[in-house]
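Before any comments, here is the structure.
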Amino acid sequence: MATATNVSPRFKSAVIDTEANVEVVLANPDHWLQSCDDVALAAGANLAAIGDEIVQFGSVEPVSTGRFRLSRLLRGRRGSEWAMAVHAAGEAFVLIDARTLKAIPAGASGIGSAVTVTAHGRGNDGAEPVVSRTVLGEAARPLSPAQLVAEIAEDGSLSVRWVRRSRRGSATPSNWTGGRAGF
296 MATATNVSPR FKSAVIDTEA NVEVVLANPD HWLQSCDDVA LAAGANLAAI
346 GDEIVQFGSV EPVSTGRFRL SRLLRGRRGS EWAMAVHAAG EAFVLIDART
396 LKAIPAGASG IGSAVTVTAH GRGNDGAEPV VSRTVLGEAA RPLSPAQLVA
446 EIAEDGSLSV RWVRRSRRGS ATPSNWTGGR AGF
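Each step along the sequence shown adds one to the number in our numbering, with nothing skipped, and position 166 is 461.
What follows is the structure, encoded as structure tokens:
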């Protein structure tokens with residue numbers, strides 16, 4: 296757990312952002328974050344939530360004790376592009392280990408209802424941490440289309456084309472730094 300101290304501007308979600316960075320201050324200054332290469336990023340390494348946006352980071356630079364600058368960012372991961380524009384300094388940063396996630400079954404009928412989760416272990420006050428959230432159905436929302444093209448024909452009709460994105464698709468490191476991403 297950490298706090299993001301700066302806000303990164305909105306960026307494309309299908310390429311590595313080599314311009315922006317995010318600084319985080321870890322709740323436990325004895326913890327450490329590590330860089331990873333593009334192959335590890337493609338395998339899901341360094342996945343984190345900053346506010347409501349899911350990101351991945353390739354480069355980590357220690358700034359001071361417990362403070363790190365994260366760069367080579369993959370933004371808007373897992374359909375969270377909508378959250379790229381709604382950041383504020385001081386947001387929560389949580390490193391995510393996908394191997395430890397547990398799906399909470401909440402089908403379409405569960406949208407709008409509350410889900411309460413109790414974490415294993417004790418919090419600072421000695422009690423088990425409990426968090427309640429409203430099911431928004433983000434995982435069921437279709438991903439935004441890619442490569443949108445609109446053309447007006449000579450007869451005045453409008454033709455619109457796009458590439459459908461899939462959560463099952465995968466990007467490869469060779470196409471992240473420019474051009475198309477693999478969807």
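Each residue gets a CB set at the ideal place from its N, CA and C atoms; glycine is no exception.
Checking 9 Å against the spacing of the C-beta atoms, do residue 340 and residue 349 come in under that value? Numbered from 1 along the sequence shown, position 45 holds the residue referred to as residue 340. Numbered from 1 along the sequence shown, position 54 holds the residue referred to as residue 349. It is not a contact, given that the beta carbons lie outside the stated cut-off.
My assumption, with CB atoms under 8 Å, is that residue 356 sits in contact with residue 308. Please give the rounded CB distance. Translated into positions along the sequence shown, residue 356 becomes position 61. Translated into positions along the sequence shown, residue 308 becomes position 13. Actually they are not in contact, since the Cβ atoms of residue 356 and residue 308 sit about 23 Å apart, beyond 8 Å.
What separation, rounded to the nearest whole angstrom, lies between the Cα atoms of residue 406 and residue 432? One-based indexing of the sequence shown puts residue 406 at position 111. One-based indexing of the sequence shown puts residue 432 at position 137. Cα-Cα distance, rounded: 6 Å.
Buried or exposed (CB count within 10 angstroms, at least 16 for buried), residue 427: Position 132 of the sequence shown holds residue 427. It counts as exposed.
Answer yes or no: do residue 455 and residue 444 have a C-beta to C-beta separation smaller than 9 Å? Position 160 of the sequence shown, counting from 1, holds the residue named residue 455. Position 149 of the sequence shown, counting from 1, holds the residue named residue 444. A contact, by the Cβ cut-off of 9 Å.
Thinking residue 315 and residue 368 are a contact (beta carbons under 8 Å), I'd like their distance in whole angstroms, please. Your numbering for residue 315 matches position 20 in the sequence shown. Your numbering for residue 368 matches position 73 in the sequence shown. Contact between residue 315 and residue 368 holds: CB atoms are separated by about 6 Å, below the 8 Å threshold.
Roughly how many angstroms lie between the CA atoms of residue 398 and residue 452, to the nearest whole one? As a working mapping, residue 398 is identified with position 103 in the sequence shown. As a working mapping, residue 452 is identified with position 157 in the sequence shown. Cα to Cα, residue 398 sits roughly 45 Å from residue 452.
What three-state label does DSSP hand residue 333 in the structure shown? Here residue 333 corresponds to residue number 38 of the sequence shown, with the count starting at 1. In this structure, residue 333 counts as helix in the three-state DSSP scheme.
Select from 365, 337, 330, 306 the residue whose C-alpha is nearest the C-alpha of residue 298. Position 3 of the sequence shown, counted from the start, is the residue given in the question as residue 298. With distances taken between Cα atoms, residue 298 lies closest to 365.
Relative to the C-alpha of residue 388, which candidate in 411, 457, 372, 320 has its C-alpha closest? Along the sequence shown, one-based indexing puts residue 388 at 93. The candidate whose alpha carbon is nearest that of residue 388 is 320.
So, under 8 Å CB-CB, residue 318 and residue 363 are touching, yes? Tell me the CB distance rounded to an integer number of Å. Taking the sequence shown and counting its residues from 1, the one referred to as residue 318 is at position 23. Taking the sequence shown and counting its residues from 1, the one referred to as residue 363 is at position 68. Between residue 363 and residue 318 the Cβ distance is about 7 Å, and since that is below 8 Å, they are a contact.
Distance, Cα to Cα, residue 296 vs residue 347? Start at 1 with the first residue of the sequence shown, and residue 296 comes out as number 1. Start at 1 with the first residue of the sequence shown, and residue 347 comes out as number 52. Here the C-alpha atom of residue 296 lies approximately 14 Å from the C-alpha atom of residue 347.
Coil, strand or helix - residue 356 by DSSP: Within the sequence shown, residue 356 is the residue found at index 61, counting from 1. In the structure shown, residue 356 sits in a strand (DSSP, three-state: E or B).
Provide the residue span of the beta strand (DSSP E) that contains residue 454, from first to last. By one-based count along the sequence shown, residue 454 stands at place 159. Per DSSP, residue 454 belongs to the beta strand (DSSP E) from 453-458.
Backbone CA spacing between residue 345 and residue 446 [nearest angstrom]: The residue given as residue 345 occupies position 50 in the sequence shown. The residue given as residue 446 occupies position 151 in the sequence shown. A direct Cα-to-Cα measurement between residue 345 and residue 446 gives close to 37 Å.
How many Å lie between residue 359 and residue 322 at the Cα? Start at 1 with the first residue of the sequence shown, and residue 359 comes out as number 64. Start at 1 with the first residue of the sequence shown, and residue 322 comes out as number 27. The alpha-carbon atoms of residue 359 and residue 322 are separated by roughly 13 Å.
Start-to-end residues for the beta strand (DSSP E) that takes in residue 427: Residue 427 sits at position 132 when you count from the first residue of the sequence shown. Element bounds for residue 427: 425-429.
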